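Heads up: the sequence shown is residues 1 to 369, going by UniProt numbering.
All remarks here apply to the structure that follows.
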Amino acid sequence: MYYLIEWTGYQPEDNTWEAEENLMGNKGLIADFKEAYSKQHPHTKFHGDRSVGVRRLVLQGVYDPDTKRHSPTFEQKHKYVIDSLFLFFFSRSQGHELIFDQHGNMTFKNVTPKVTVVNEIDDTSFPEQFVFIDKLVFSKRVSVPDPDFLIGCECQHSCLKTNNEECHEEWTYDSRGKLKPGCTGPLYECNLACQCKASCPNRVVQRGRTVALEIFQTKSKGWGVRCKTKIMANSFVEEYLGEVITEAQGEARGTIYDRIGVSYLFDMDSAVTEGTTAKYVIDSYVCGNASHFFNHSCNPNLTVFGVYHDSGDPYFHRLAFFALRDIEAGEELTFDYLGSHGLLPSNTHAQQRIECLCDDNACRGFIHS
1 MYYLIEWTGY
11 QPEDNTWEAE
21 ENLMGNKGLI
31 ADFKEAYSKQ
41 HPHTKFHGDR
51 SVGVRRLVLQ
61 GVYDPDTKRH
71 SPTFEQKHKY
81 VIDSLFLFFF
91 SRSQGHELIF
101 DQHGNMTFKN
111 VTPKVTVVNE
121 IDDTSFPEQF
131 VFIDKLVFSK
141 RVSVPDPDFL
151 IGCECQHSCL
161 KTNNEECHEE
171 WTYDSRGKLK
181 PGCTGPLYEC
191 NLACQCKASC
201 PNRVVQRGRT
211 VALEIFQTKS
221 KGWGVRCKTK
231 IMANSFVEEY
241 LGEVITEAQG
251 EARGTIYDRI
261 GVSYLFDMDS
271 AVTEGTTAKY
281 VIDSYVCGNA
291 SHFFNHSCNP
301 NLTVFGVYHD
311 SGDPYFHRLA
321 FFALRDIEAG
331 EELTFDYLGS
341 HGLLPSNTHA
351 QQRIECLCDD
361 NACRGFIHS
């Protein structure tokens with residue numbers, strides 16, 4: 001069950017969806033909401049996960065997990081909650097349903113290549129509240145990139161070479177679409193303003209994932225992801241997707257996520273220099289793709305690059321995972337959270353360090369050090 005929480009001291013736009021277990025046992029607040037909602041909507045009944053006609057509840061009130069107090073101004077919050085409810089269902093409408101295919105395997109409908117789900121460890125169900133998406137979702141505070149501000153090349157065919165000269169000053173991919181050795185990023189791909197074809201070797205991330213993935217239950221780390229076929233070194237694997245929010249929204253949500261010990265916030269920080277901060281953050285807590293389930297490792301097989309292809313704003317870019325080495329079929333996909341800004345709780349003190357469970361010989365013992 002998920003509830004929409006409006007937090008004391010934050011704007012309505014900073015509301016977050018929280019699982020019932022994250023509400024610290026405040027059953028009285030939940031009961032108050034159900035009673036108030038039933039009075040306003042007498043023909044709506046609660047049936048577990050099918051409440052409110054679908055599988056969500058909205059908690060109309062202000063809740064602070066430190067004080068466990070909420071605002072009595074229920075009616076004043078109604079409009080903000082309904083607006084947020086609409087946005088949430090809109091995001092679900094963009095999601096892909098988890099179904100059983102003709103072979104009896106759980107897979108996300110209309111996702112290609114396939115992303116399957118399997119649990120051979122216990123009876124833990126896949127998180128029903130997670131919305132699987134295949135493109136970024138933008139918050140009200142973030143504008144969708146405007147292609148009119150893009151500058152493109154004039155190549156008519158392949159951009160590898162034009163008149164025996166390379167089209168781009170810093171070519172990052174080879175003819176097979178793999179990163180050249182030693183590439184440090186960020187990566188600049190051809191865009192909508194370019195004259196080259198969609199098959200151009202410099203359009204890798206924007207063409208999407210090419211390898212089938214499987215989300216699986218691990219023995220000790222919750223859900224993880226493994227590849228179904230071998231992935232060659234320097235190959236693109238997956239893009240990090242979620243809701244694009246502002247840095248200020250990310251700070252607000254990060255404070256909240258710190259309290260419950262989770263964070264799926266990933267900064268777009270390729271253009272960040274000393275004295276500057278990221279403008280945008282991707283939050284995959286509620287909606288995302290398979291990358292939401294990538295686990296940490298102190299000796300990872302993936303790395304992350306900022307990729308530019310659909311925005312003229314230097315502070316807006318995609319986040320893409322590439323293989324650091326050859327990855328065998330069935331091997332879990334991992335990356336180093338410590339080397340990836342924004343995925344750790346923002347104010348993790350020494351006594352709150354997160355124990356690492358990667359079990360690698362090079363393990364640091366803790367994810368945050």
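From the three backbone atoms N, C-alpha and C, an ideal C-beta is built for every residue, glycine too.
Computed from a prediction, not measured in an experiment: that's the story for all the values here.
DSSP places Tyr257 in the uninterrupted alpha helix (DSSP H) bounded by 247–260.
Judged by DSSP secondary structure, Gln195 falls outside any beta strand (DSSP E); it is assigned neither H nor E.
The criterion of a C-beta distance shorter than 7 Å is not satisfied by Phe321 and Glu189.
Burial state of Glu120 is exposed, judged by a 10 Å Cβ sphere holding fewer than 16 other Cβ atoms.
Within the same chain, Cβ atoms closer than 8 Å to the Cβ of His96 are found at Phe108, Lys109, Asn110, Val111, Phe132, Ile133, Asp134, the five residues on either side in sequence being excluded. Setting aside the 5 residues that flank it on each side, Leu150 is surrounded in the same chain by Asn191, Leu192, Ala193, Gly312, each with a C-beta closer than 7 Å to its C-beta; the list follows chain order.
Taking a contact to require three or more Cβ pairs closer than 8 Å, the region 224–240 and the region 274–294 qualify as touching. For Met232, the number of other beta carbons within 10 angstroms of its own is below 16, and it is reported as exposed. For Asp283, the pairing in a beta bridge is given by DSSP as Glu243, Leu265. Closest option to Cys153, judged by alpha-carbon separation, among Val307, Lys197, Phe294: Lys197.
When DSSP states are grouped into helix, strand and coil, His292 belongs to the helix group. Beta-bridge annotation (DSSP): Gly28 is not paired with any residue. Residue nearest to Trp17 within the set Tyr257, Pro113, Thr210 is Tyr257 (criterion: CA-CA distance).
Of the residues assessed, Ser199 falls on the exposed side of the cut-off, its CB having fewer than 16 other CB atoms within 10 angstroms. Contact between Thr229 and Phe294 fails: their C-beta atoms lie close to 17 Å from each other, not under 8 Å.
In this structure Pro300 touches Leu324 by the C-beta definition: roughly 7 Å separates them, less than 8 Å. Straight across, the Cα-Cα distance linking Asp310 with Val144 is about 10 Å.
The Cβ atoms of Ser284 and His317 lie no closer than 7 Å to each other. For Glu243, the closest alpha carbon among the candidates Ser235, Tyr280, Thr210 is that of Tyr280.
Residue Ala252 holds the alpha-carbon nearest to the alpha-carbon of Gln11 among Gly365, Ala252, Tyr308. Secondary structure at Gln206: helix, using DSSP grouped into helix, strand and coil. By the neighbour-count criterion, in which 16 or more other beta carbons inside 10 Å mark a residue as buried, Val117 falls on the buried side.
Linking Gly365 to Glu332 through their CA atoms gives a straight-line distance of about 19 Å.
Going by C-alpha positions, Thr246 is about 11 Å away from Thr277. Distances from the alpha-carbon of Cys298 to those of Met268, Asp326, Leu357 put Leu357 closest.
If you draw a straight line from the Cα of Tyr173 to the Cα of Asn15, it is about 41 Å long. By the Cβ neighbour-count rule, Asn234 is buried, with 16 or more other Cβ atoms within 10 Å of its own. Checking the DSSP bridge columns, you'll see Arg318 partnered with Val307. Boundaries of the beta strand (DSSP E) harbouring Cys227: 223–227, taken from the DSSP string. Within the same chain, Cβ atoms closer than 6 Å to the Cβ of Asn105 are found at Thr116, the five residues on either side in sequence being excluded.
Distance from Pro201 to Ser220 at the Cβ level is roughly 41 Å; contact not present, criterion being Cβ atoms closer than 8 Å. Boundaries of the beta strand (DSSP E) around Ile99: 98–100. Listed as beta-bridge partners of Thr334 by DSSP are Asn295.
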